[in-house]
Structures are given as C-alpha cells and as structure tokens.
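Going down the list, the protein sequences come from chains A and B.
Residue 154 in the numbering used here is what sits at position 154 of the first sequence, and the numbering runs on without skipping anything.
One gets the numbering used here by counting positions in the second sequence from 1 and adding 1000 to each.
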Amino acid sequence: MSTVSSGGPPGAVSPAFWSVADIAQRIAAGEITATQILETMLARIEAIDGELGAFLAVDVAGARAAAAEVDRRRAANAPLGPLAGVPIALKDVLVTRGLATTAASKILQGWIPPYDAHVVEQLRAAGAVVLGKLNCDEFAMGSSTENSAYRVTRNPWDPARVPGGSSGGSSAAVAAGLCAAALGTDTGGSIRQPAAFCGCVGMKPTYGRISRWGVVAFASSLDQVGPLTRSVADAALVLQTIAGFDPRDSTSLDAPVPRFTDALTGEVAGLRIGLPQEYFEAMDDDVRAAVAQTAAALVERGAELVELSLPHTKLALPAYYLVAPAEASSNLARYDGVRYGLRAPAPELLEMYARTRGAGFGPEVKRRIMLGTYALRSGYYDAYYKKAQQVRTLIKRDFDRAFRYCDVLLTPTTPTAAFRFGAKATPVDMYQADVFTLSCNLAGLPGISVPCGLTGDGLPLGAQLLGRPLDEATLLRAGAVIEAAVGLGERRPSGIGGIA
Amino acid sequence: MPALTRKEVEEIALLARLHLEPEELARMQHDLGAILENAAALAAVDTTDVPAMTHAVPMDLRMRLDVVEPSLTVDAALGGAPQREGDLIVVPSSIAPPGRVGTEPAS
Chain A
1 MSTVSSGGPP
11 GAVSPAFWSV
21 ADIAQRIAAG
31 EITATQILET
41 MLARIEAIDG
51 ELGAFLAVDV
61 AGARAAAAEV
71 DRRRAANAPL
81 GPLAGVPIAL
91 KDVLVTRGLA
101 TTAASKILQG
111 WIPPYDAHVV
121 EQLRAAGAVV
131 LGKLNCDEFA
141 MGSSTENSAY
151 RVTRNPWDPA
161 RVPGGSSGGS
171 SAAVAAGLCA
181 AALGTDTGGS
191 IRQPAAFCGC
201 VGMKPTYGRI
211 SRWGVVAFAS
221 SLDQVGPLTR
231 SVADAALVLQ
241 TIAGFDPRDS
251 TSLDAPVPRF
261 TDALTGEVAG
271 LRIGLPQEYF
281 EAMDDDVRAA
291 VAQTAAALVE
301 RGAELVELSL
311 PHTKLALPAY
321 YLVAPAEASS
331 NLARYDGVRY
341 GLRAPAPELL
351 EMYARTRGAG
361 FGPEVKRRIM
371 LGTYALRSGY
381 YDAYYKKAQQ
391 VRTLIKRDFD
401 RAFRYCDVLL
411 TPTTPTAAFR
421 FGAKATPVDM
431 YQADVFTLSC
441 NLAGLPGISV
451 PCGLTGDGLP
461 LGAQLLGRPL
471 DEATLLRAGA
481 VIEAAVGLGE
491 RRPSGIGGIA
Chain B
1001 MPALTRKEVE
1011 EIALLARLHL
1021 EPEELARMQH
1031 DLGAILENAA
1041 ALAAVDTTDV
1051 PAMTHAVPMD
1061 LRMRLDVVEP
1071 SLTVDAALGG
1081 APQREGDLIV
1091 VPSSIAPPGR
1101 VGTEPAS
C-alpha cells in the first residue's frame, strides 16, 4: 500500500504531524485518501513503536476497513463525517467491540468487549479511523505509565524518561506522530499531566460533559474522558465529536454543546486570569519561569491578572487519595473471575475470588483496593470517605469564589518536567506528581494543559487553565492564545527513531 | 511506625477478597500506613454543616423510562465467561469442601 510523503518543499510538515482538520479537509477534497494516511501511520508505528511502546494493540484490519469505507464514500460523493479518515487511537480503558480491552491489567487479558464505549461510537460515527489501543497505568492508576502490566512506554522527547500517566500511551503516540489524536481519561490529572510531559494539548472536560458509558471505571465521581492532541484546535474538534448528553450515563449532563471551534478567536483582551497563590509555592525553576512567561504573554494581549487564594488546596491530595481508592475498591469488585477476564483455579468460590484478584491485579491497584476497602469499612465511612467528600465541597466553594473575580485560573500543570523511570521511590512521592491537577477533578471543573515552552534540557512543560463548569470554550480560547504565544511551534520530539 | 497492624491488613485483604503473599502483606502494611498518615490532615478540618459533594453541576438523578430497549444477546453477554454451560456461568462451589476453610486470609 502506498503512504504519503510530505511532497512539499523542504521543511514542510510530515503527514504524520498534520492536524486533525488538515487530514479531514484533504481527504474530503480528494488530495489524499484515508487509506494513504492510515498506511503512513501504520508504517510509523511499525518503525517506532517497538521502542516507544505506546500501543497495546493495533487494529490493522479494522482500521483498514474503516479507511476503505471512508474512501468508498468519498468516491461515491456520499456525505463524510467531520473526522472522516482521521486516525485516532484510544487509551485502553475505553471498551471497543471486537477489539481486546485490557485496562493495562492482566485481569482483563484477552477480554473482547461486546460493545463500544459511547465516545468510540461517536468517533466512528464521525468517520474517524480507530487505530488501536494505547498503553496506560493499570486501571488508570498512576502518573507515569510504569504501572502497566504489559510494557514500558517511553517519552519521545527523552526515552530515559516517563511519558506521564496514566494516559502515557496516548501522550507518547500523539507527540510522536503515531496518530492524529488520542483519547485519554483523567481522574486526577491523567490527561493533563502526560500531555504536559510530552508536549501535547490535553483537556479534561467538565464532569458530565462526556458520557462514561463504556469507560472502564476507576473512580466514578472523578473519571472523565478527553482528547490529547497536538494543537488546541484539534482538541476542540475532537471534543466537539465526543461531548454531549447520553442517557446511558446517569451523571451525563443534558446541557447544550457549543461550537468549540468558534471559541478560537485569538482574543483574550479583557479576560481575567486568576493566579492562585497556593499553586506557585513549590515547583522547579524552569516551570516557574515558563508559567510566568505564559502569564506575561496573556497580559501583553490584553488579559488581566488577578492574584487570589484557594485556601483548601492543600487538602486536595489527601482527599483525593481517599475518594479515588474508595470508589476504585467498589468498582473493581466486579473483577472476580466469574463473568469475564481472568479466573484462577480454586476449589471453592471465595478462594477463587481472592486468588483471581491476587493473581490479576498489580501492586498499585492492590494498594488502592486495600486503601479504599479500609476507608469504606463499617465504622470508618464517616471519618474517611464522607469527610473527604465534604472537603471536596470546601474545595469546590474555593473555586466558586475565585470565579467571581476571574474567568479562568492559570497554574503549572506539573511541578516538574517528565521524570526518569524509577525516580518516584514511594507511592506518596508518585502521588505528588498530580498535586496541581487533582483539585480540578475533585471540583468537577474543566481543565486544559497547553505546552508553554521547554526546560533547559529540552523537555516540554505545560500551563494549566481551569475554568467554570461547562466553560470549556473559554479554556480553548485562552489555550490557543498561549499556544500561539509560547507554545512549541514546529518543534518535535527527536528522542526516539529520529521522529522529527 | 506503621498506622496499621499486620492483623488489620489481613482483615482488609479478606474484606477486599484479595489474596496477598506474605511479602505483599508486609509492604502493604508499610505503604498504607504512610498514605493514611497523609490523610490525617483531613481530620482537623471543620466540616460541620458542610454537605458532601455530589456533582459539579447540580442536577437531579434521572430515572430511565421503563421500556424494553435493544440489548446484548445472551451469547454476546456470556462470550467472555471463563466457564460456561449453555446459558449459565459455571463457578466453583460456594461451600468449602470438607476439611477446608476457604475464606481465611492468606498468610
């Protein structure tokens, strides 16, 4: 099969790095076929992913069939969806009909779901070509993708470093040009943190904006699906496709979905940007400088800075590490060896449950199940889970007050750039990697991470914007301005396979 | 000093239906202690009259209409079952064989 070369003048962008809109427009215009774009991606995956480790499964046959269908429709002048022919890959916690879904856990090895997640249905209906499933921390529990039961995913900017997590396969694949866009899930920062580490845009929409139907549940009151892309405009396009009410998710919001691309006006004049002091206490100097530069760029374009306080911020980490494990321990009770997934042999039922779970779950998942079971057990519920849920209300009230004085909040996404494999020696050290991203999930707010420069060592950094519930549009608008002012431009990772 | 005793960790593992090897129990005892120490900050917060958080956007839980809708076939729903007999899933006996007490935590 033929692939696409850039065919343009020296310096032209490789087709592997074309934007979502570009790919869809060029296919619609007949400049290229969906099959050509797909084969370009498959060739890159073949060449690079052995070292990068982003994919857990590549659905070659399914993707080729989907691309051929787009080309057939194009040839027949049939209407094409807005993402027709755009190759998109999925974090392996989104269930896919007929395609193995593991959540990067041995307990689901070999499970073939009989249905598609809502977001996967939406992508397919829009004509997107689903390339395959991406690595992540087991059951999305982690901040480095080191907790995958299957493989190591490397950061394409520096293969000695992690891609972030838990959606580390998603961020690595997008940054390395192995797909046009990816979906991830974000329970405490699992889209935004890996996006920051790999130089991508990552958006966690408002809780309820996107249906969780078909998302392997980790912590149901925090989980949300979102896009990881190479530009804010691409994030807007993917978000447009997957957002909206779904009656199959009882927490789905029946709220109008605006045209997100209309928000990308390039204007921030008069926008009030809040700088919460608690988010600027401890971070690397490179991070501090990059976020200061971001704030200055916004001011230059007419935005106004507002210094303020979110006094309960320090409680987010302890609250999160009670709420998330408590909900996980309940959600993961379903993996018992009865209906699907792994079953360990045992002579009687209770021992079968315990042996199956002991053999199928990895160390971090076990730790969180244990912690959650402890927090939820009889006599402890009020002191732990209920208390943490009340603290969430205090955190949410902080944000409500802040948004009286500002329209969005600007913070670093992470306190450091991508760290080296094995650098976080204890679970508590690792949990600190999410310190700036957790509050957004606890309060249910939308958040976005946008690249805002490189460290002295050439590693990408992210600026985080947090917004009012359902106000993704303002985050995209301000995010696009940050991208244009201090983003990475055409700088691409070169750490693996001579990617650039 | 860990906040939990070994016996407590064994009890939680039993409640969680999670078989842990002896070295896993020891590590868990240490790790849970450290994490719970971190969580102690919450105890000092006054949450009198503070409601528990439910949703970022206030909403009433909806009820589905009580109508039959298309669903998975039995074959599709049972396709992943580790052991099956017709339309039934086969599991080991829930009564321990004579001489065994299967619910003891591993140690």
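Backbone N, C-alpha and C define an ideal beta-carbon position, used for all residues, glycine too.
These numbers were taken from a predicted model, which means no experiment stands behind them.
#### Entry: Span separating the alpha-carbon of A/Arg492 from that of A/Leu131
Distance from the CA atom of A/Arg492 to the CA atom of A/Leu131, rounded to whole angstroms, is 22 angstroms.
### Message
In this structure, how does DSSP classify B/Ser1107 when only helix, strand and coil are distinguished?
### Response
Model confidence at B/Ser1107 stands at a pLDDT of 39, short of 50, so the residue's coordinates are unreliable and nothing is read from them.
### Query
Under a three-way DSSP split, which group does A/Cys440 fall into?
Three-state DSSP puts A/Cys440 in a helix.
### Query
What is the C-beta distance between A/Arg414 and A/Gln193, in whole angstroms, given that I count them as a contact (C-beta under 8 angstroms)?
Contrary to the premise, residue 414 of chain A reads as Thr rather than Arg in this sequence. About 6 angstroms; that satisfies the 8 angstroms criterion.
### Message
Ignoring anything shorter than 3 residues, give me the beta strand (DSSP E) runs that lie fully in the region 138-192 of chain A, in order along the chain.
### Response
Considered as a whole, the region 138-192 of chain A harbours 181-185 as its complete beta strand (DSSP E) runs of no fewer than 3 residues, in chain order.
#### Entry: Which of helix, strand or coil DSSP assigns to B/Pro1022
Correct three-state label for B/Pro1022: helix.
### Message
Tell me the DSSP secondary structure of A/Val70 in three-state form.
### Response
Three-state DSSP puts A/Val70 in a helix.
### Exposed unless 16 or more other CB atoms sit within 10 angstroms - verdict on B/Met1063
Per the 10 Å Cβ criterion, exposed.
### Query
Is the Cβ of A/Tyr115 closer than 8 angstroms to any Cβ of chain B?
A Cβ of chain B is located within less than 8 angstroms of the beta carbon of A/Tyr115.
### Message
Extract the residue ranges of the alpha helix (DSSP H) inside the region 1008-1072 of chain B, only unbroken runs of 4 or more that lie entirely within it.
### Response
Look at the region 1008-1072 of chain B and you find these whole runs of alpha helix (DSSP H), each 4 residues long or longer: 1022-1039.
### Message
Less than 8 angstroms between the C-beta atoms of B/Leu1032 and A/Met370, yes or no?
### Response
It is a contact, given that the beta carbons lie within the stated cut-off.
### Query
In chain A, what lies closer than 9 angstroms to B/Pro1051 by C-beta?
Neighbours of B/Pro1051 on chain A, chain order: Gln389, Gln390, Thr393.
### Query
Exposed or buried, A/Ile242, counting other C-beta atoms within 10 Å across all chains shown (16 or more means buried)?
Buried, because 16 or more other Cβ atoms sit within 10 Å of the Cβ of A/Ile242.
#### Entry: C-alpha gap between A/Val428 and A/Tyr115, whole angstroms
Roughly 37 angstroms between the two C-alpha positions.
### Message
I'd like to know if A/Met352 contacts chain D, where contact means its C-beta is closer than 8 angstroms to some C-beta of that chain.
### Response
Among the chains of the structure shown, chain D does not appear; the protein chains present are A and B.
### 4-residue-minimum alpha helix (DSSP H) runs that sit fully inside the region 58-115 of chain A, ordered along the chain
Correct list: 60-75.
### Message
Residues in the same chain with beta-carbon distance under 8 angstroms from A/Arg151, minus the five sequence neighbours each way, listed in chain order, please.
### Response
Around A/Arg151: Gly53, Leu56, Asn135.
### Query
With DSSP run on the structure shown, which of helix, strand or coil describes A/Ser449?
Of the three classes helix, strand and coil, the one that applies to A/Ser449 here is strand, per DSSP.
### Task
Compare the C-beta of A/Gly358 against all C-beta atoms of chain B and say whether one is closer than 8 angstroms.
A/Gly358 has a beta carbon lying within less than 8 angstroms of a beta carbon in chain B.
### Query
Mind checking whether A/Asp59 and A/Leu178 have CB atoms under 8 angstroms apart?
Their beta carbons are not under 8 angstroms apart, which means A/Asp59 does not touch A/Leu178 by this criterion.
### Message
Let's test the definition: count the other Cβ atoms within 10 Å of the Cβ of A/Thr373 and tell me whether it reaches 16, buried, or not, exposed.
### Response
Classified as buried, A/Thr373 has 16 or more neighbouring CB atoms from the shown chains inside 10 Å of its CB.
#### Entry: C-alpha gap between A/Pro15 and A/Ala128, whole angstroms
A/Pro15 and A/Ala128 have their C-alpha atoms spaced approximately 16 angstroms apart.
### Query
Mind checking A/Asp246: buried by the 16 CB within 10 Å criterion, or exposed?
Under the 10 Å beta carbon count, A/Asp246 is surrounded by 16 or more other beta carbons and is classified as buried.
### Check whether A/Ala388 and B/Ala1056 have beta carbons under 8 angstroms apart
Against a cut-off of 8 angstroms, the Cβ pair of B/Ala1056 and A/Ala388 comes out as no contact.
### B/Asp1066: contacting residues in chain A (beta-carbon distance under 9 angstroms)
In chain order: nothing, as chain A lies at least about 13 angstroms away.
### the region 28-38 of chain A in contact with the region 83-101 of chain A per 3-pair CB rule at 8 angstroms
Touching, yes.
### Residue from A/Ala235, A/Val268, A/Leu308 whose Cα sits closest to the Cα of A/Leu259
A small fix is needed here, since residue 259 of chain A is Arg in this sequence, not Leu. If we check each option's Cα against that of A/Arg259, A/Ala235 comes out closest.
#### Entry: Segment contact, 8 angstroms Cβ cut-off, at least three pairs: the region 155-173 of chain A with the region 139-147 of chain A
With a cut-off of 8 angstroms on Cβ pairs, the region 155-173 of chain A is in contact with the region 139-147 of chain A, counting three or more such pairs.
### Query
With a cut-off of 8 angstroms, does the C-beta of B/Arg1062 fall near any C-beta of chain A?
Chain A, which has a Cβ nearer than 8 angstroms to the Cβ of B/Arg1062, makes this yes.
### Task
Quickly, what does DSSP pair A/Leu488 with across the bridge? List them, please.
Looking at the DSSP output, A/Leu488 shares a beta bridge with no other residue.
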